[in-house]
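**Q** One structure, as structure tokens, below. Some questions next.
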Amino acid sequence: MRISVVALTLVALLPARATAQNPDLSGALRWRTIGPFRAGRARALAGLPGQPTVFYIGFDNGGLWRSSDYGSNWEPLFDREATGSIGAIAVAPSSPNIIYVGTGAGIIRPDLATGNGMYRSNDTGRTWTQLGLAETQMIAYVDVDPTNPDRLFVAALGHPYGPNAERGIYRSTDGGRTFEKVLYKDEYTSGNEVRIVPSNPNTVYAALWQQQSTFYEYAAFGPDSTWPGAGGIYKSIDGGTTWTQLTNGLPPVLEANIAIAPSNPQVIYAMIASVNPAGGSGPVSFYKSSDGHHHRHRRSTPPRPHRWRRPAADRRRPQERQRRLQCVDRHVAHGRRWHELVGGAWLARR
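In this text, residue positions in the sequence shown follow our numbering: the first is 122, and each later residue adds one.
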């Protein structure tokens with residue numbers, strides 16, 4: 122099943138090709154496995170706009186790989202480094218030779234491999250420099266300023282089995298030589314995601330949450346892990362220096378993942394796991410804002426919502442979005458109705 126899961130996930134990296142086709146024609150396409158084989162669970166993905174043949178994928182404990190031919194062949198890029206656990210990959214849009222990698226599984230669960238911080242490559246992954254943030258252990262997301270390859274944000278989960286201060290949202294303005302913690306709540310609250318608005322890099326969104334795992338099960342932790350303040354979505358309009366928590370139209374947030382429509386940055390999507398008053402995660406629902414997150418509207422609750430995670434908006438049409446977890450789904454018409462496709466994938470139509 123893991124091999125099929127990887128194949129499904131990689132399709133999410135080819136939005137330009139998919140959206141250029143007639144939906145009726147693309148609906149007739151069949152899934153096939155493209156590897157790399159036996160690499161494990163994958164969360165970290167990155168492609169190159171304008172170069173649909175090239176993409177990168179990182180695995181929980183299977184290293185970092187690159188394909189330059191739509192997945193027909195794969196090259197390992199991280200075998201000489203001290204960790205093989207990859208949680209996040211970001212290619213600098215303005216300088217695609219520069220790649221940032223955040224290590225650690227990128228998701229808190231019982232079976233995971235921790236990492237040792239951030240890495241940077243200036244030569245498309247041939248050589249690497251370790252940058253720091255080693256004690257974060259788990260990095261969930263990295264985003265790079267589309268106009269400046271040396272400015273980036275990092276969402277750090279922190280230690281998976283206990284509290285520590287090295288977690289939250291970090292910013293670097295010197296290519297990773299130094300990092301500044303810019304959004305931090307406490308030693309229990311992790312940085313789950315961070316997104317730069319492509320058309321206005323001074324506007325940044327981030328998500329915080331609280332989660333810990335024992336060696337055999339999930340467990341929320343911290344003094345307020347079952348209360349509305351445990352997690353949330355935040356927005357900065359000054360490049361990450363100050364932040365405001367967004368609450369209008371949203372439930373008490375335990376965990377959230379967000380997506381910004383590249384064609385219209387006012388359109389923002391979120392998958393939100395709300396707080397269960399009895400403890401742990403409550404329902405997971407899909408939300409949309411059309412005014413830059415000033416107001417949010419719940420669109421639907423997808424089937425099997427406990428498996429829902431990160432959305433990704435279509436590059437050309439903001440009403441279409443994709444999401445990925447260990448598989449891929451595509452839907453149109455703002456997510457009003459959902460239809461199962463294959464291997465845990467879902468399609469929504471008006």
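Using N, Cα and C, we set each Cβ at its ideal position, and we do this for glycine too.
From which residue to which residue does the beta strand (DSSP E) around asparagine 378 run?
**A** Residues 374-381.
**Q** Measuring alpha carbon to alpha carbon, tell me which residue in Glu202, Ile229, Thr368, Asn313 is nearest glycine 246.
**A** Out of Glu202, Ile229, Thr368, Asn313, Glu202 has the C-alpha closest to the C-alpha of glycine 246.
**Q** Under the three-state reduction of DSSP, which class applies to alanine 167: helix, strand or coil?
**A** Correct three-state label for alanine 167: strand.
**Q** Nearest by alpha-carbon distance to asparagine 378: which of Tyr326, Ile358, Ser411 is it?
**A** Closest by alpha carbon: Tyr326.
**Q** For my contact list, threonine 294 and aspartate 271 are in at a C-beta cut-off of 8 Å; report their separation, rounded to the angstrom.
**A** That belief holds up - the Cβ atoms of threonine 294 and aspartate 271 are roughly 7 Å apart, short of 8 Å.
**Q** Pull up the distance between the alpha-carbon of serine 189 and that of serine 357, whole angstroms please.
**A** Taking the straight line joining both Cα atoms gives about 36 Å.
**Q** Since tyrosine 355 contacts leucine 304 with CB under 8 Å, what's their CB separation in whole angstroms?
**A** Sure, about 6 Å apart at Cβ, within 8 Å.
**Q** Hey, how far is the Cα of valine 222 from the Cα of valine 315?
**A** C-alpha separation (whole angstroms): 14 Å.
**Q** Contact check, arginine 164 vs glycine 227 under 8 Å by CB: the rounded distance?
**A** Indeed they touch by this definition, with Cβ atoms about 5 Å apart.
**Q** Under the three-state reduction of DSSP, which class applies to threonine 257: helix, strand or coil?
**A** Note: threonine 257 maps to helix in three-state DSSP.
**Q** Please go through the region 178-207 and give each complete beta strand (DSSP E) segment of 3 or more residues, from N-terminal end onward.
**A** With a minimum length of 3 residues, the continuous beta strand (DSSP E) runs that stay inside the region 178-207 are 184-188.
**Q** By Cβ distance, which residues of its chain are closer than 6 Å to alanine 394, with the 5 residues on each side in sequence left out?
**A** Answer for alanine 394: Leu375, Glu376, Ser402, Val405, listed in chain order.
**Q** Check this for me: beta carbons of leucine 233 and isoleucine 207, under 8 Å apart or not?
**A** For leucine 233 and isoleucine 207, no; Cβs fall outside 8 Å.
**Q** Mind checking which residues open and close the beta strand (DSSP E) that includes glycine 246?
**A** Per DSSP, glycine 246 belongs to no beta strand (DSSP E) and is neither H nor E.
**Q** Across which residues does DSSP place lysine 302 in a beta bridge pair?
**A** Per DSSP, Tyr291.
**Q** Beta-carbon separation of alanine 276 and asparagine 243 under 8 Å?
**A** No, they are not a contact pair.
**Q** Taking the alpha carbon of tyrosine 240 as the reference point, which residue from Pro372, Thr224, His280 has its own alpha carbon closest?
**A** Cα-wise, what sits closest to tyrosine 240 is Thr224.
**Q** Inspect the beta-carbon positions of glycine 236 and glutamine 258 and report whether they are closer than 8 Å.
**A** Going by C-beta atoms, glycine 236 is nearer than 8 Å to glutamine 258.
**Q** Taking the Cβ atom as the reference point for each residue, do alanine 286 and glutamate 308 lie within a distance shorter than 8 Å?
**A** Contact flag set, yes.
**Q** State yes or no: is the C-beta of glutamine 332 within less than 8 Å of the C-beta of isoleucine 260?
**A** Not closer than 8 Å, so no.
**Q** If we ignore side chains and look at the alpha-carbon of each, how far apart do tyrosine 177 and alanine 167 end up?
**A** Cα to Cα, the separation comes out at about 5 Å.
**Q** Buried or exposed: where does aspartate 359 fall if 16 or more other Cβ atoms within 10 Å of its Cβ makes it buried?
**A** When all chains shown are included, aspartate 359 counts as exposed.
**Q** Pick out whichever of Ile155, Asn323, Gly171 has its Cα sitting closest to the Cα of glutamine 212.
**A** The amino acid occupying residue 212 in the given sequence is valine; glutamine does not appear at that position. Of Ile155, Asn323, Gly171, the residue nearest in Cα terms is Gly171.
**Q** Which residues in the same chain as proline 214 place their Cβ atom closer than 6 Å to its Cβ, once the five residues preceding and following it in sequence are excluded?
**A** So the list reads Pro267, once near-sequence residues are dropped.
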